[in-house]
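>
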Amino acid sequence: MTEKLKFAFYWAASCGGCEIAVLDIDEAILTVAGAADILFWPVAIDTKYKDVEEMPDGHIDVCFFNGAIRNSEQEHLAHLLRKKSKVLVAFGSCAATGGIPGLANLSNKKGVFETVYHENASIENPEGVEPEPSSEVKEGELTIPVFFDTVKTLDQTVDVDYYLPGCPPPTKLILQAVGAIIKGDLPPKGSVIAPAKSVCDECRFERSEKRIAKVRRIYEVEKVDDKCLLEQGILCMGPATRGGCGGPCMDAYMPCTGCGGPTPNSLDQGGKMISALASILGIEDEETLTDEDLEKLLDGVVDPVGTFYKYGLPSALIKRRVIP
Amino acid sequence: MSDFEPVVVAFLCNWCSYAGADLAGTSRLKYPPNVRSIRVMCSGRVDPVFVLDALKEGIDGVLVAGCHPGDCHYQSGNYKTNRKMKLIQRLLKDLNMDPRRVRFDYISASEGQKFADVVTEFVQTLKELGPNPLKGECQ
Amino acid sequence: MTTSIVIDPITRLEGHGKINIFLDDAGDVDNAYLQIPELRGFEKFAQGRRAEDMPQITSRICGVCPVAHHFAAAKALDSAFKVDPPSAAKKLRELMYCGYIIYDHILHFYFLGGPDFVVGPDAPPGKRNILGVIEKAGLEIGKEVIKHRAYGQRITAILGGKATHPVNGLPGGVSKGLNEDERKEIEMMAGSSREFAKFSLQLFEDIVLKNKDYVELITKGPYQLKTYNMGLVDENDKLNFYDGLIRVTDPSGGELIKFPVEDYQKEIAERVEKWSYMKFPYLKRVGYSGFTDGAGSGFYRVGPLGRLNAAEGMATPLAQKEFERFYSTLGGRPVHSTLAFHWARLIELLYAAERALELATDEEITSTHIKNPVGEPGEGFGVIEAARGTLIHHYDVDEQGLIKTANLIVATTNNAGAITMSVRDAAKGLIKKGEVNDGLLNMVEMAFRAYDPCFGCATHSMPGSMPLIANIYDKNERLIRSIRRD
Ligand code: SF4
Ligand code: SF4
Ligand code: SF4
Ligand code: FES
Chain S
1 MTEKLKFAFY WAASCGGCEI AVLDIDEAIL TVAGAADILF WPVAIDTKYK DVEEMPDGHI
61 DVCFFNGAIR NSEQEHLAHL LRKKSKVLVA FGSCAATGGI PGLANLSNKK GVFETVYHEN
121 ASIENPEGVE PEPSSEVKEG ELTIPVFFDT VKTLDQTVDV DYYLPGCPPP TKLILQAVGA
181 IIKGDLPPKG SVIAPAKSVC DECRFERSEK RIAKVRRIYE VEKVDDKCLL EQGILCMGPA
241 TRGGCGGPCM DAYMPCTGCG GPTPNSLDQG GKMISALASI LGIEDEETLT DEDLEKLLDG
301 VVDPVGTFYK YGLPSALIKR RVIP
Chain C
1001 MSDFEPVVVA FLCNWCSYAG ADLAGTSRLK YPPNVRSIRV MCSGRVDPVF VLDALKEGID
1061 GVLVAGCHPG DCHYQSGNYK TNRKMKLIQR LLKDLNMDPR RVRFDYISAS EGQKFADVVT
1121 EFVQTLKELG PNPLKGECQ
Chain R
2001 MTTSIVIDPI TRLEGHGKIN IFLDDAGDVD NAYLQIPELR GFEKFAQGRR AEDMPQITSR
2061 ICGVCPVAHH FAAAKALDSA FKVDPPSAAK KLRELMYCGY IIYDHILHFY FLGGPDFVVG
2121 PDAPPGKRNI LGVIEKAGLE IGKEVIKHRA YGQRITAILG GKATHPVNGL PGGVSKGLNE
2181 DERKEIEMMA GSSREFAKFS LQLFEDIVLK NKDYVELITK GPYQLKTYNM GLVDENDKLN
2241 FYDGLIRVTD PSGGELIKFP VEDYQKEIAE RVEKWSYMKF PYLKRVGYSG FTDGAGSGFY
2301 RVGPLGRLNA AEGMATPLAQ KEFERFYSTL GGRPVHSTLA FHWARLIELL YAAERALELA
2361 TDEEITSTHI KNPVGEPGEG FGVIEAARGT LIHHYDVDEQ GLIKTANLIV ATTNNAGAIT
2421 MSVRDAAKGL IKKGEVNDGL LNMVEMAFRA YDPCFGCATH SMPGSMPLIA NIYDKNERLI
2481 RSIRRD
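Below, the structure is given as structure tokens:
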């Protein structure tokens, strides 16, 4: 009998949904358990941080790491797990591209603290207290990790071998990745373990008209028809997003918001979406449209950063808001 | 700030703007030497990613120029690029980068003077804006 | 006076939630601090986002209870856009919500918190998990547990597009209706879940209530905390997860206040402490008086026990019976025992399944009128009962439909003060003269786990089973002893 593989799962700045996604492979977890020993999995097994420290380097065969890097402790764990693992997988949008918590790059620590601890409607904080990495209470000293200004992806922190995008990654892709690992049939280092196609390629709707007269907010649309949402004027990130999910959002008559990350061969999800939008929005009478009318049309694209980089601002070409 | 010399990348359409720039050169028109020109077959070929990447690399300003309305050899590459550039500007604004760091213009093959004027004006604006805040930032 | 014990649980791994216990010169407990070392700052980066994105953005606060944030946000948007969703849309939301409660309560009882009881608090730690439960209760039951947890997820996926991070919530209703095939499937799953809930209560009865030691542990022991209780109630003061008024009862069970979520700023304030990233809410009209319990302290409890104590009953027949039995067994209302959370959770599981069945067989549930046109945006408030307690979203939306400000008071944060005190009191009752042992840490852990604290909400780690490490330092901060409980 060949020796069993050694797996580890870990989360950093994440929501726990990636862990639930692993639980959601249901009985397939038994296949995994048959082929691999899970050495470390906060949600399901009691292994300690210290146990990991005591492992020899490279002891873990594959570590699935979810969550972005937001504070000093997560950074430390990323380094530790990198050292102890032969293969490190950035699991889920947060680890792979920064995820929704990565939108905090529109601000910085000061901005976050101001809102959360001073300005919020229910705060009573006349003395202006803020959490501090180290603080004296009457009984002694208390410490908490240092909160960073900028959210980073896993590969901006340590070397990453594979990426499994999605928020959370679709069950099918998880099974596929785990299957490939068990068979020892891994793609080249640096690969994204997901199909090389866009969400549109998998969507139940087809893009046919390829033109829209105006952008509409989803709540303004009285009845969403059974056809491509983008062509109904609803901003759908499908063309700029990597597939693999099968398009569950459109099944619920909601647009893709881009959790699969950029399409293959695209450096920047927002850049790609701008291209896609520019080729269909306002082409009806482009020859006669004045610049002013065009601007008005583009006013419909509100919050471009939050819309185009919902799951990946930290990994965009321009990774954060410039804060003087 | 006065001795700051911005670095500009210009994506110029082969059929019109690139020829326009050429004409500006051969006519010995005076314009600032800050521009590195890149010839493209049509302004429509300019992917927003090129623009964002240039800014990320610390380039101070990106100019894209194409054929006048109606003149694009590929019919509507220039209109499309106009829309792209406007969207990029909106993106930059929200990232707190001055949208004036990117510029789109129609420049024909015969408009050597317009090319020189656009470049002069653009470089002046960039001088006022100062260096790209992303410059030197290890991203 | 420098001896401190650091309990660094972070779920099953150090890092995301930490308890420090300080001993005095005599070696008795002087004080305890619950520290939350993480923050992601959703309220900040919500600013400037499209309002309609909030249900999906805020669901990423927690992947265990995404549905709670999803609909708290959708309700806040209904209010901000001045639109009342059609009755079918409300029912669809509530039905999906029941699916979420079924999944989450099963997850907690069988996978995370319940093993303490089912397998036993002093069983070897390696057995105190779902596998231990299966071993004790049998493989067949293990399969039922897995099946019904998956049913809960499936109900959410049918209605919401995805189980984790659903997408159907919109201002004015939902994006997707229910067809007859889907309805039938949900009806089947709800019916089956009701039977499973009954079974779970029976299991609790057999294993816990028939064991005198356990009952003693629940009703006596160091697990009593006399606080206010908070939860949503319907027009008959019956417990409700999806909608209603926020009712607060006092430590002796009388109604203190009942208010619509619009008034929350009048009633709730949050304190900031420099030693934790988590905030500490308290009742304004009572006031903050330090980490003490009793009627003079504004701290309150939410979650299953808080809800039962804050309501006058359950709106479904079987759950109502259990509600009555709960109070008659535990000596009347209100119940202050922290460990009673587990029982309360199962009663709620039964209610959620019964309610899901009612909704799945409601004539209107397959209606196609599932959303209403919105009005002009403005300020909006939404409240819902997350599995772990009252959850409030409050937004200010500008005329472009973008978020100006967002304030969130999440379930576990509401319990922050109470959890800190419960841990401190458990430690006080159990640590004497500097004597710290393994069993003690287990007991402290139980105090903590009963709340099913979800620092995914307050910060991000998973609820439930948390191993503990206690490091004991001497006066020179030299580590003299380290105790681990896995
Ligand atoms: S990728 Fe999505 S599901 Fe996974 S941790 Fe991040 S927010 Fe949660
Ligand atoms: S744009 Fe959206 S709705 Fe249209 S085909 Fe692509 S994914 Fe489907
Ligand atoms: S459709 Fe888009 S947002 Fe939805 S799951 Fe797929 S990639 Fe993610
Ligand atoms: S060919 Fe010149 S812009 Fe298209």
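Read top to bottom, the protein sequences are chains S, C and R.
Position 66, counted from 1, in the first sequence is what the numbering used here calls 66; the numbers after and before it change by one each time, with no gaps.
Position 106, counted from 1, in the second sequence is what the numbering used here calls 1106; the numbers after and before it change by one each time, with no gaps.
Position 484, counted from 1, in the third sequence is what the numbering used here calls 2484; the numbers after and before it change by one each time, with no gaps.
Just so you know, even glycine gets a beta-carbon here, dropped at the ideal spot from N, CA and C.
Source: prediction; values computed, not measured.
Less than 8 Å between CB atoms is the rule here; does Ile318 (chain S) satisfy it with respect to chain C?
Residue 318 (chain S) sits at position 318 when you count from the first residue of the first sequence. With 8 Å as the cut-off, Ile318 (chain S) counts as an interface residue toward chain C.
> Between the C-alpha atoms of Arg320 (chain S) and Gly306 (chain S), what's the straight-line distance to the nearest angstrom?
Locating residue 320 (chain S) in the first sequence gives position 320, where the first residue counts as 1. Locating residue 306 (chain S) in the first sequence gives position 306, where the first residue counts as 1. Roughly 11 Å separates the two Cα atoms.
> Can you say whether Asp2398 (chain R) is buried or exposed, counting buried as having 16 or more other CB atoms within 10 angstroms of its CB?
Locating residue 2398 (chain R) in the third sequence gives position 398, counting from the first residue. When all chains shown are included, Asp2398 (chain R) counts as exposed.
> Could you check whether the Cβ of Met1041 (chain C) sits closer than 8 Å to any Cβ belonging to chain S?
In the second sequence, counting from the first residue as 1, residue 1041 (chain C) sits at position 41. No, its Cβ sits nowhere closer than 8 Å to a Cβ of chain S.
> Among the residues of its own chain, which have a CB less than 7 Å from the CB of Glu2273 (chain R), if the five just before and after it don't count?
Within the third sequence, the letter at position 273 stands for residue 2273 (chain R). Phe2280, listed in sequence order.
> DSSP state of His1068 (chain C), grouped into three classes?
Here residue 1068 (chain C) corresponds to residue number 68 of the second sequence, with the count starting at 1. The answer is coil: DSSP assigns His1068 (chain C) none of H, G, I, E or B.
> With DSSP as the reference, identify every bridge partner of Glu2385 (chain R), one or two as the case may be.
On the third sequence, position 385 is the one that residue 2385 (chain R) refers to. Its beta-bridge partners are R:Thr2390.
> Could you check whether the Cβ of Gly2456 (chain R) sits closer than 8 Å to any Cβ belonging to chain S?
Against the third sequence, residue 2456 (chain R) aligns to sequence position 456. Confidence in Gly2456 (chain R) is poor, its pLDDT being 39 and thus under 50, which makes the residue's placement unreliable; the coordinate value appears in the next sentence. Interface residue, yes.
> Is it the case that the Cβ atoms of Glu2094 (chain R) and Ala2406 (chain R) are separated by a distance below 8 Å?
Taking the third sequence and counting its residues from 1, the one referred to as residue 2094 (chain R) is at position 94. Taking the third sequence and counting its residues from 1, the one referred to as residue 2406 (chain R) is at position 406. No.
> The beta strand (DSSP E) with Ser134 (chain S) in it runs from where to where?
Taking the first residue of the first sequence as 1, we reach residue 134 (chain S) at position 134. Its beta strand (DSSP E) spans residues Ser134 to Val137.
> With 8 Å as the limit, tell me which residues of the stretch 1069-1090 of chain C have their beta carbon closer than that to any beta carbon of chain S; keep them in chain order.
Within the stretch 1069-1090 of chain C, the residues whose Cβ lies closer than 8 Å to some Cβ of chain S are Pro1069, Gly1070, Ser1076, Tyr1079, Lys1080, Thr1081, Asn1082, Arg1083, Lys1084, Lys1086, Leu1087, Ile1088 and Arg1090, listed in chain order.
> Helix, strand or coil, according to DSSP, for Trp11 (chain S) in the structure here?
On the first sequence, position 11 is the one that residue 11 (chain S) refers to. Of the three classes helix, strand and coil, the one that applies to Trp11 (chain S) here is strand, per DSSP.
> Helix, strand or coil: how does DSSP classify Phe2241 (chain R) here?
Within the third sequence, the letter at position 241 stands for residue 2241 (chain R). Reduced to three states, the DSSP call for Phe2241 (chain R) is coil.
> In the DSSP assignment, find the beta strand (DSSP E) that holds Asn71 (chain S) and state where it starts and stops.
As a first step, residue 71 (chain S) must be located in the first sequence, where it is residue number 71. First-last of the beta strand (DSSP E) with Asn71 (chain S): Ile69 to Asn71.
> List the residues of chain C that Glu284 (chain S) touches, going by C-beta distances under 8 Å, in chain order.
In the first sequence, counting from the first residue as 1, residue 284 (chain S) sits at position 284. Neighbours of Glu284 (chain S) on chain C: none; closest Cβ ~11 Å, over 8 Å.
> Thr1120 (chain C) bridges to which residues according to DSSP?
To locate residue 1120 (chain C), count along the second sequence from 1; it is residue 120. DSSP lists no partner for Thr1120 (chain C).
> Under a three-way DSSP split, which group does Pro1099 (chain C) fall into?
Here residue 1099 (chain C) refers to the residue found at position 99 when the second sequence is read from its first residue. In the structure shown, Pro1099 (chain C) sits in a helix (DSSP, three-state: H, G or I).
> Have a look at Ala2352 (chain R) and Ala2386 (chain R) and give me their C-alpha separation to the nearest angstrom.
Within the third sequence, residue 2352 (chain R) is the residue found at index 352, counting from 1. Within the third sequence, residue 2386 (chain R) is the residue found at index 386, counting from 1. Taking the straight line from one Cα to the other gives about 12 Å.
> Please name the residue, chosen from R:Ala2197, R:Gly2290, R:Ser2079 and R:Val2029, that lies closest to Tyr1977 (chain R) on a Cα-to-Cα basis.
This structure leaves residue 1977 (chain R) out entirely; chain R is present only between 2001 and 2486.
> Would Gly243 (chain S) pass as a contact of Asp201 (chain S) if the rule is Cβ separation under 8 Å?
Within the first sequence, numbered from 1, the residue matching residue 243 (chain S) stands at position 243. Within the first sequence, numbered from 1, the residue matching residue 201 (chain S) stands at position 201. In this structure, Asp201 (chain S) lies closer than 8 Å to Gly243 (chain S) by Cβ.
> From what residue to what residue does the alpha helix (DSSP H) around Ser275 (chain S) run?
One-based indexing of the first sequence puts residue 275 (chain S) at position 275. Start and end: Gln269 to Ala278.
> What number of angstroms, rounded off, separates the C-alpha of Gly2306 (chain R) from the C-alpha of Gly99 (chain S)?
If you number the third sequence from 1, residue 2306 (chain R) lands on position 306. If you number the first sequence from 1, residue 99 (chain S) lands on position 99. Going by the C-alpha atoms only, they are around 34 Å apart.
> Using a Cβ cut-off of 7 Å, pull out every chain S residue sitting near Leu1052 (chain C), in sequence order please.
As a first step, residue 1052 (chain C) is located in the second sequence; it is residue number 52 there, counting from the start. Within 7 Å Cβ-Cβ: Asp268, Gly271, Leu317 and Ile318.
> From the DSSP output, which residues share a beta bridge with Phe2045 (chain R)?
The sequence position of residue 2045 (chain R) within the third sequence is 45, counting from 1. Phe2045 (chain R) pairs with nothing; no bridge assigned.
> Look at Tyr2300 (chain R) and Leu2283 (chain R) and say whether their C-beta atoms are less than 8 Å apart.
As a working mapping, residue 2300 (chain R) is identified with position 300 in the third sequence. As a working mapping, residue 2283 (chain R) is identified with position 283 in the third sequence. Going by C-beta atoms, Tyr2300 (chain R) is nearer than 8 Å to Leu2283 (chain R).
> Any chance you could list the beta strand (DSSP E) runs of at least 3 consecutive residues sitting entirely within the stretch 48-133 of chain S, in chain order?
Listed in chain order, the complete beta strand (DSSP E) runs (minimum 3 residues) inside the stretch 48-133 of chain S are 60-66, 69-71 and 85-91.
> Exposed or buried, Arg2478 (chain R), counting other C-beta atoms within 10 Å across all chains shown (16 or more means buried)?
One-based indexing of the third sequence puts residue 2478 (chain R) at position 478. Confidence in Arg2478 (chain R) is poor, its pLDDT being 45 and thus under 50, which makes the residue's placement too unreliable to answer from.
> Does the pairing of the stretch 89-97 of chain S with the stretch 162-169 of chain S give three or more beta-carbon distances under 8 Å?
Touching, yes.
> For a contact defined as C-beta to C-beta under 9 Å, what are the partners of Phe205 (chain S) on chain R?
Indexing the first sequence from 1 puts residue 205 (chain S) at position 205. In chain order: nothing, as chain R lies at least about 14 Å away.
> Closer than 7 Å, Cβ to Cβ, to anything on chain C: give me those residues from the stretch 139-160 of chain S, in chain order.
Cβ contacts with chain C: none found.
> By the three-class DSSP mapping on this structure, what secondary structure does Met2466 (chain R) have?
Taking the first residue of the third sequence as position 1, residue 2466 (chain R) is located at position 466. The predicted position of Met2466 (chain R) is uncertain, since its pLDDT is 37 and thus under 50; a value taken from the coordinates is nonetheless stated next. Coil.
> Does the Cβ of Met250 (chain S) lie closer than 7 Å to at least one heavy atom of ligand 2?
As a position in the first sequence, residue 250 (chain S) is number 250, starting the count at 1. Yes.
> Counting by C-beta, which residues lie closer than 7 Å to a heavy atom of ligand 2, in chain order?
After applying the 7 Å Cβ criterion, the set is S:Val199, S:Cys200, S:Cys203, S:Phe205, S:Glu206, S:Arg207, S:Cys228, S:Leu229, S:Leu230, S:Glu231, S:Cys236, S:Gly238, S:Pro239, S:Gly247, S:Met250, S:Pro255 and S:Cys256.
> How about Gly1058 (chain C) and Leu1129 (chain C): do their beta carbons lie closer than 8 Å?
The sequence position of residue 1058 (chain C) within the second sequence is 58, counting from 1. The sequence position of residue 1129 (chain C) within the second sequence is 129, counting from 1. No, they are not a contact pair.
> With respect to the beta strand (DSSP E) encompassing Thr150 (chain S), which residues constitute its N-terminal and C-terminal limits?
On the first sequence, residue 150 (chain S) is found 150 positions in, with the first residue counted as 1. Start and end: Phe147 to Lys152.
> Starting from the N-terminal end, write out each residue whose C-beta falls within a distance shorter than 6 Å of any non-hydrogen atom of ligand 4.
Listed along the chain, these residues meet the criterion: C:Cys1013, C:Trp1015, C:Cys1016, C:Cys1042, C:Ser1043, C:Gly1044, C:Gly1066, C:Cys1067, C:Cys1072, C:His1073, C:Tyr1074, C:Gly1077 and C:Asn1078.
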